[in-house]
């Protein structure tokens, strides 16, 4: 993976193209959400579980986008910083900074661990 790949991944999210999004993920991928009851957030393990969670995000917040993305890749690790914007089902607008920390394996995203700031 290189930074151009991470930008293409963000672009796939902004296009709301689940097949393109999932083309970057390994078959044994893991997604750790930015929040949850556990120290790592909520963990979704396996291609189908991760895909289902991503579909849920796209359906729940159909205007979701990741803006002003910046990327870093070093060996089998990477990071994407972005500004997340979306509208919750109740109409509340969301705008916050966040990042994804990635672990790569054989040219695919094996682990995507998300971190998001929360506004008060």
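In the working numbering, the protein residues as written are 24 to 143.
We put the beta carbon where it would ideally sit given N, CA and C, even for glycine.
Secondary structure of residue i, DSSP reduced to three states
| i | result |
| --- | --- |
| residue 41 | helix |
| residue 27 | helix |
| residue 115 | coil |
| residue 76 | helix |
| residue 70 | helix |
| residue 110 | strand |
| residue 83 | helix |
| residue 51 | strand |
| residue 62 | coil |
| residue 35 | helix |
| residue 126 | strand |
Where residue i falls, given that 16 or more other Cβ within 10 Å makes a residue buried
| i | result |
| --- | --- |
| residue 55 | buried |
| residue 33 | buried |
| residue 31 | exposed |
| residue 175 | In the structure displayed, the chain extends from 24 to 143; residue 175 sits before or after that span and is not available. |
| residue 94 | buried |
Close beta carbons around residue i, own chain, < 8 Å, minus the five adjacent residues each side
| i | result |
| --- | --- |
| residue 65 | 55, 56, 58 and 59 |
| residue 87 | 36, 39, 80, 81, 107, 108 and 109 |
| residue 138 | 57, 121, 122, 123 and 124 |
Expected contact under 8 Å - CB spacing of residue i and residue j to nearest Å
| i | j | result |
| --- | --- | --- |
| residue 133 | residue 49 | 5 Å |
| residue 84 | residue 116 | No, residue 84 and residue 116 are not in contact; Cβ-Cβ is about 10 Å, not under 8 Å. |
Close Cβ partners of residue i (< 6 Å) along its chain, the five nearest in sequence each way excluded
| i | result |
| --- | --- |
| residue 92 | 33, 103 and 105 |
| residue 53 | 68 and 134 |
Contacting residues, own chain, Cβ-Cβ under 7 Å from residue i (five flanking each side not counted)
| i | result |
| --- | --- |
| residue 90 | 105, 106 and 108 |
| residue 24 | 96, 101, 127 and 130 |
| residue 142 | 119 |
Any C-beta of chain C under 8 Å from that of residue i
| i | result |
| --- | --- |
| residue 27 | The chain inventory of the structure shown lacks chain C, comprising one protein chain alone. |
beta-carbon residue i near the ligand SAH non-hydrogen atom, thresh 7 Å
| i | result |
| --- | --- |
| residue 61 | Annotation note on the ligand SAH: not contained in the displayed structure, which lists no ligands. |
Could you tell me whether the segment 97-104 touches the segment 36-46, using the rule of 3 or more Cβ pairs below 8 Å? no
Check whether the segment 112-128 and the segment 69-81 are in contact - that is, three or more C-beta pairs closer than 8 Å. no
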